[in-house]
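Let me begin by presenting the structure, written as structure tokens, before commenting on it.
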Amino acid sequence: MIEFCTGVLKELNANSIVVPGHGPVAKYQDLVDFVAMLTTIRDRMSALIKSGATLEQVTAAKLTAEWDAKKGDPANFLNRAYTSLTKK
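The sequence shown runs contiguously to residue 107 in this note's numbering.
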């Protein structure tokens with residue numbers, strides 16, 4: 020998702036409107052912020068995984084706390100991200 024969205028950003032400019040497949044119509048900066056959020060969460064989660072953290076420990080670390088009020092319950096997202104980052 021990070022790679023795809025970063026690629027999309029390269030095709031847009033600051034005045035672009037983003038019409039996602041899910042969610043509200045957004046501005047260029049909204050997509051920039053989304054990529055930054057995903058990258059931050061991925062980096063935090065990767066560090067925990069590298070130290071041997073389980074999904075339960077990753078969830079307990081509240082890696083998404085600053086976005087939860089706006090984005091909602093992160094349980095499914097964290098599960099998918101953890102699975103993606105730990106699959107061999």
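Beta carbons are placed, not taken as given, at the ideal position from N, Cα and C, and that holds for glycine.
Taking 9 Å as the cut-off, the Cβ atoms of Val27 and Leu50 count as close. The alpha-carbon separation between Val37 and Phe53 amounts to approximately 12 Å. In this structure, Thr83 sits near Ile60, with a CB-CB distance shorter than 9 Å.
Out of Lys106, Gln48, Ala55, Arg63, the CA that lies nearest to the CA of Ala80 is found in Arg63. The three-state secondary structure of Val54, taken from DSSP, is helix.
The beta-bridge partner set that DSSP reports for Ile21 is empty. Look at Val38 here: in three-state DSSP terms it is coil, with no helix or strand label.
Boundaries of the alpha helix (DSSP H) harbouring Asp87: 84-90, taken from the DSSP string.
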